[in-house]
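Numbering-wise, the sequence shown is residues 7 to 406 according to my numbering.
Read through the structure below, which is laid out as structure tokens, and then see the notes.
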Amino acid sequence: MIDPGRLERRSSELARIGGTDTSVSRLGLSADEQRARDLVRGWLAAKGAQVRRDAAANLFARFHGEGQGILVGSHLDSVPEGGRFDGALGVLCAVEAIAALVDAKIKLRRPIEVVAWADEEGARFGVGLFGSTAAFGRLARGVGDRTDRDGISIAEALRALGEQGDPAVARRDPKEIAAYLELHIEQGPRLETAGLPLGIVSDIVGIYHARVAIRGRADHAGATVMTARADALAAASEIVLAVERIARGRPDSVGTVGEIAVRPGAKNVVPGECVFTLDLRAARDHDGLVRDVLEAVTGIVSARGVEASVDDLARVPVTPLDPKIRDVLKRATTSVGVEAPLLVSGAGHDAQNPALSGVPTGMIFVRSTGGSHTPREFASTEDAALGAQALANALKELAT
Ligand SMILES: [Zn+2]
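Listed below in structure tokens is the structure:
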């Protein structure tokens with residue numbers, strides 16, 4: 007049985023790493039993320055797991071059994087000034103679920119591996135789902151050279167953790183894995199609105215991340231007449247509004263420019279350069295959304311006589327999750343007394359990588375309030391314990 011007290015204690019202990027009060031800043035591939043891994047490693051080793059870290063800093067803890075294993079987990083990093091539940095709750099519930107099976111002396115036929123993926127958020131290096139992408143051999147070439155704001159590369163960050171620096175080495179054979187399960191907070195209001203503690207994910211939206219650099223011409227803001235300007239920020243502004251208009255006009259689509267920088271950045275200088283991010287998501291026809299936005303970028307810059315370069319950071323297609331695993335999760339949630347609805351995930355998750363690599367994959371959502379990626383995000387211990395028990399039930403069905 008799940009121990010809600012232990013789950014809550016461990017949640018608090020984990021939240022103190024890189025955190026104060028309800029705010030957590032535990033960036034991927036940082037020393038704090040490593041401290042979190044060490045804490046989780048200790049809990050799992052104490053239950054008899056064989057524990058290892060791979061070349062992309064993912065933590066795996068394996069419990070005995072033969073043949074293909076069941077992988078279960080989530081991530082331990084957060085965004086800057088995020089909350090204590092996004093990612094962490096999935097690792098905590100996986101730890102609790104396996105602890106419950108070990109405590110009940112359930113004999114495993116298949117191995118169960120708990121995983122804590124590294125750098126899911128991509129907050130530091132701009133590469134989301136980093137650890138799981140590496141483990142499933144889906145990293146773009148040259149990713150190790152990407153740098154953070156201080157000029158430190160992913161390869162250097164890995165070396166600082168004691169790895170060789172090449173995350174591609176983390177690749178493992180998806181055929182070793184019979185199923186992947188992940189529990190995560192919902193990060194949206196649907197379960198709360200429905201008054202239900204748990205949901206089951208049917209699909210994960212397609213996600214496109216890019217960095218766009220607009221190059222115009224920096225000029226004197228007083229002496230340069232309006233017809234003689236190549237204003238990079240004005241072009242970028244038009245693109246921001248085009249993103250909004252295009253996403254609004256398509257079903258189940260969202261588009262966001264969440265980061266923007268202007269150079270040289272002085273009040274009396276026409277902006278010569280503007281760099282901003284694109285985040286484009288859709289549950290259907292994701293390719294069409296990306297195509298429309300990129301066409302708008304091309305059209306706007308050519309009409310304004312500036313130049314644009316688009317640097318693709320990540321492109322993950324719409325990911326349908328496995329119907330058979332969905333049925334397993336349905337039974338597992340029903341057995342804890344919850345009629346869990348099917349939900350589309352608008353957020354990206356590590357689960358996309360195993361699913362896109364052919365591993366039967368399923369996700370449980372736990373009701374959360376207060377938004378997500380903020381210190382206000384919250385999941386109650388009661389709901390988390392229900393989720394952990396459902397996860398334990400599903401693992402038992404799949405591994406015994
Ligand atoms: Zn997450």
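For every residue, glycine included, the Cβ atom is placed at its ideal position computed from N, Cα and C.
The three-state secondary structure of Met369, taken from DSSP, is strand.
For Arg90, the secondary structure class from DSSP, reduced to helix, strand or coil, is coil. In its chain, beyond the 5 residues on either side, Ala289, Val324, Thr325, Pro326, Leu327, Val350 and Ser351 have a beta carbon closer than 8 Å to the beta carbon of Asp209. Under the rule that a run must span 3 or more residues, the beta strand (DSSP E) segments found entirely inside the stretch 314 to 401 read 348 to 351 and 367 to 372. When the Cα atoms are used, Gln40 and Ser374 turn out to be separated by approximately 26 Å.
The C-beta of His70 has fewer than 16 other C-beta atoms within 10 Å across all chains shown, which makes the residue exposed. Contact holds between the stretch 184 to 198 and the stretch 353 to 362, because three or more Cβ pairs, one in each stretch, are under 8 Å apart.
A direct Cα-to-Cα measurement between Phe282 and Ala314 gives close to 11 Å. Ranking Glu87, Lys111, Glu279 and Val120 by CA distance to the CA of Glu127 puts Glu87 first. DSSP places Phe136 in the uninterrupted alpha helix (DSSP H) bounded by Phe136 to Ala141.
Put simply, of Arg115, Phe136, Ser17 and Leu145 the residue whose alpha carbon is nearest the alpha carbon of Leu33 is Phe136. Look at Glu383: its beta carbon is at least 7 Å from all of the heavy atoms in ligand 1. Checking the 7 Å criterion, the Cβ of His190 is within range of a heavy atom belonging to ligand 1.
The Cβ atoms of Ala62 and Ala141 sit closer than 8 Å to each other.
In the DSSP assignment, the residues bridged to Arg59 are Leu65. If you compare the alpha carbons of Ala253, Leu145 and Ile220 with that of Asp172, the shortest gap goes to Leu145. A distance criterion of 7 Å places the beta-carbon of Asp125 beyond contact range of ligand 1, judged by its closest non-hydrogen atom. Minimum Cα-Cα distance from Met369 among the listed residues Thr339, Gly376 and Leu50 corresponds to Thr339. Here the C-alpha atom of Asp237 lies approximately 12 Å from the C-alpha atom of Ser308. Distance from the CA of Ile104 to the CA of Ala385, rounded to the nearest whole angstrom, comes to 20 Å. His190 sits close to Phe371, with the two beta carbons spaced by under 8 Å. Of the residues assessed, Gln395 falls on the buried side of the cut-off, its CB having 16 or more other CB atoms within 10 angstroms. Under the DSSP assignment, Asp209 falls in the beta strand (DSSP E) whose first and last residues are Leu204 to Ile210. Excluding its 5 nearest sequence neighbours in each direction, Gly150 has C-beta neighbours in its own chain below 7 Å: Ser159, Ile160, Ala161, Gly171, Asp172 and Pro173, listed in chain order. When rounded, the separation of the alpha-carbon atoms in Ala52 and His81 is 20 Å. Arg221 is bridged by DSSP to Glu279 and Glu313. Taken from the Cβ of Asp225, every heavy atom of ligand 1 lies 7 Å or farther away.
Its Cα nearest to that of Val133, the residue Arg321 stands out among Lys273, Thr367, Arg321 and Gly222. When the beta-carbon positions are compared, Val249 and Leu284 come within less than 8 Å of each other.
Nearest neighbour of Val263 by Cα position, chosen from Pro329, Ser243, Asn274 and Glu119, turns out to be Ser243. When the beta-carbon positions are compared, Ala353 and Val276 stay at least 8 Å from each other. Taking all protein chains in view, the Cβ of Glu279 is crowded by 16 or more other Cβ atoms within 10 Å, so the residue is classified as buried. The Cβ neighbour count for Asp317, taken over all protein chains shown within 10 Å, is under 16; the residue is labelled exposed. Asp237 has its CB no nearer than 7 Å to any heavy atom of ligand 1. By the C-beta density criterion, Val120 is buried, having at least 16 other C-beta atoms within 10 angstroms.
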